[in-house]
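Residue numbers (the UniProt record's numbering): 1 to 114.
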């Protein structure tokens, strides 16, 4: 559980029951916000993680005024902030370490927080 600095454990039968009852929003909430949500920036063109642009005065932590860019396609304009589970981010980074480039397709306002 979360008290032991881990994610939420859910068996296959429980997951299937939640999906069968059309509780996608509940499943999204339990697997993301009650577990290990992580915000990152993704390039809309190629789907890879974006990097924070280096400025003259660069803070060690991200701020709201930071500029992000894609180092693969040199894109500064079409960058989206996405929320993903931290375990998924680790999986993507492990795949990248094995020279497999998984892409994230970004659709606008699927789970808007408004």
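From the three backbone atoms N, C-alpha and C, an ideal C-beta is built for every residue, glycine too.
Bear in mind the structure is a predicted one, so any value in this text is a computation, not a measurement.
Of the listed residues the options, nearest to residue i (C-alpha basis)
i	options	result
residue 37	88, 100, 73 and 57	88
residue 92	81, 47, 66 and 74	47
residue 76	14, 44 and 16	44
residue 70	57, 99, 81 and 98	81
residue 90	39, 16, 60 and 67	39
residue 106	100, 18, 59 and 79	79
Identity of the residues DSSP links to residue i by a beta bridge
i	result
residue 102	For residue 102, which the question treats as bridged, DSSP gives no partner whatsoever.
residue 40	82
residue 73	Residue 73 is not bridged to any residue.
residue 68	52
Per-residue burial, residue i [other beta carbons within 10 Å of its own, 16 or more giving buried]
i	result
residue 31	buried
residue 42	buried
residue 33	exposed
Range of the contiguous alpha helix (DSSP H) that encloses residue i
i	result
residue 125	Coverage of the chain is limited to positions 1 through 114, which leaves residue 125 absent and any answer about it impossible.
residue 25	24–28
- request: Count the CB pairs spanning the segment 48–55 and the segment 14–25 that are closer than 8 Å, and state whether there are at least three.
  value: no
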